[in-house]
Amino acid sequence: MTHSPCIGAHVSIRGGYGRAARSARESGAACFQYFPKNPRSLKLKPVDYRDALSCADYCRDQGMSSIAHTPYPTNLAAGTREREGMAASLRNDLEIAEACGSLGIVVHFGHFARMEPLQGYQNIIQCINDTLAGWEGRCKLLIENMAGNHGQEGMTLEELVKVRELSRYPERIGFCFDTCHAFAAGIWNPEQTDELLERGERLAYWTALAAVHLNDSLYPYGSRRDRHAGIGRGCIGAPALSKLLTQGPLLHKLVVMETEKGPDGTHRDEIAAVRGWFGGGA
Ligand SMILES: [Zn+2]
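Numbering-wise (the working numbering), the sequence shown opens with residue 922 and increments by one.
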């Protein structure tokens, strides 16, 4: 059976959003991820509508989809003092991504540092509520599972589902499943992929899944270390990634690699290789 998979990679916006979409296309991608603004800062960026709309138009014409990734300092669990700035930054990311025609903005679950866990979860829900209050766009907040390198939080599907359920606007929230993080967190043992698929089914996690971060892992299963490796060059391996990706619940999702670029400066070869897993679908 052939199927047209939506495979792509993270791309730079150095030449603008429209340029990012075009260069993704040139590398054979059907989708891509980008940083809506400086990835190292929460400083708000005015929306460049001309550029963003040229990205949206191009993607519509080409049948491409995209997601944005929020800046690294974003922490949904931040305390009261920082929350306003956090929500404003997330709202800014949503506005840019919406203008670019993207499906959502990916945000890490958040980390608690020295916080009481219950306070941390409460902060996350509050920050999500503040961000999404009055948000009318189609662009969703996509919560990503964590590797466990910051602490225990955000490693399990149960937590992600619960946070979505307890927030005020669950319909504006989706998930982004990172394969490296799931493997490193020990929630996906490639020898028992069916177990993960069943758990996601039982929790109704997959129904809210919008995107997959397809990464191999430099470190072993359960290591709780977040270091991506090229597809088939890490401890997960291509057969296991392929098995997971070509199963029912992940089949029609947007798949983005966050791996090193190939020698030609693009992800062309990796995209072609992953596309091959789907039995020649173009
Ligand atoms: Zn990721």
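All C-beta atoms, glycine included, are put in the ideal place defined by N, C-alpha and C.
Can you give the beta carbon distance from residue 1106 to residue 1067, rounded, assuming they're within the 8 Å contact cut?
Taking a contact as a CB-CB distance under 8 Å, the pair residue 1106 and residue 1067 counts as one, their CB atoms being some 7 Å apart.
Limits of the beta strand (DSSP E) - the one that residue 1178 falls within:
Counted as a single uninterrupted DSSP element, the beta strand (DSSP E) harbouring residue 1178 occupies residues 1175-1178.
At a cut-off of 6 Å, would you count residue 969 as near ligand 1, judging by its Cβ distance to the nearest heavy atom?
It does not: the Cβ of residue 969 is nowhere closer than 6 Å to a heavy atom of ligand 1.
If residue 1104 sits next to residue 1157, beta carbons under 8 Å apart, how far is it from one beta carbon to the other, in whole angstroms?
Contact holds; Cβ gap of about 5 Å.
What is the DSSP secondary structure of residue 1088, counted as helix, strand or coil?
Judged by DSSP in its simplified three-state form, residue 1088 adopts coil rather than helix or strand.
Residue 923 burial status per 10 Å Cβ neighbour count (16 or more: buried)
Its pLDDT being 46, under 50, residue 923 is placed unreliably by the model, and the measurement read from it follows with that caveat. Burial call: exposed.
Would you say the beta carbon of residue 1188 comes nearer than 6 Å to a heavy atom of ligand 1?
No, since every heavy atom of ligand 1 falls outside the 6 Å radius drawn around the Cβ of residue 1188.
Apart from the five residues on each side of it in sequence, which residues of its chain come closer than 7 Å, Cβ to Cβ, to residue 993?
Within the same chain, and ignoring the five residues on either side of residue 993 in sequence, the residues whose Cβ sits closer than 7 Å to its Cβ are 960 and 961.
Cutting at 6 Å between CB atoms, please list the residues of its own chain near residue 1010, excluding the five before and the five after it.
If we look at residue 1010 and ignore the five residues flanking it on each side, its Cβ neighbours are 963.
Over what stretch of residues does the beta strand (DSSP E) that includes residue 954 continue unbroken?
DSSP places residue 954 inside the beta strand (DSSP E), whose first and last residues are 952-955.
Taking 7 Å as the CB-CB limit, is residue 1120 close to chain D?
In summary, chain D is missing from the structure at hand, where a single protein chain is found.
Distance, residue 1040 Cα to residue 1048 Cα
Between residue 1048 and residue 1040, the C-alpha separation is close to 12 Å.
DSSP state of residue 1164, grouped into three classes?
It is helical.
Assuming residue 1211 and residue 1109 are in contact, meaning their beta carbons sit under 8 Å apart, how far apart are those beta carbons, in whole angstroms?
Past the edges of the chain, shown from 922 to 1203, lies residue 1211, and the structure says nothing about it.
Let me know the secondary structure DSSP gives residue 1099 once reduced to three states.
Strand at residue 1099.
Beta-carbon separation of residue 900 and residue 1023 under 7 Å?
The chain is shown only over 922 to 1203; residue 900 falls outside these bounds and no answer can be derived.
List the endpoints of the continuous beta strand (DSSP E) containing residue 1062.
Where residue 1062 is concerned, the enclosing beta strand (DSSP E) starts and stops at 1061-1065.
With burial defined as no fewer than 16 other Cβ atoms inside 10 Å of the residue's Cβ, what is the status of residue 1077: buried or exposed?
Answer is buried; the Cβ neighbour count reaches 16.
Residue 1121: first and last residue of the uninterrupted beta strand (DSSP E) it sits in:
Careful: residue 1121 lies outside any beta strand (DSSP E), inside the alpha helix (DSSP H) at 1114-1123.
Where residue 1027 sits in the DSSP three-state scheme
Residue 1027: strand per DSSP, three-state reduction.
Take residue 1020 as the anchor and find which of 985, 977 and 995 has the nearest alpha-carbon.
With respect to the C-alpha of residue 1020, the residue from 985, 977 and 995 having the closest C-alpha is 977.
Span of the alpha helix (DSSP H) around residue 1195
Annotation for residue 1195: the continuous alpha helix (DSSP H) segment containing it runs 1189-1197.
Inside the region 976-1010 only - beta strand (DSSP E) runs reaching at least 3 residues
Runs of the beta strand (DSSP E) lying entirely within the region 976-1010 and spanning at least 3 residues, in chain order: 986-990.
Going by DSSP in three states, residue 1133 sits in which element: helix, strand or coil?
Annotated three-state conformation of residue 1133 is strand, per DSSP.
Using three-state DSSP, classify residue 1138 as helix, strand or coil.
Strand, per DSSP.
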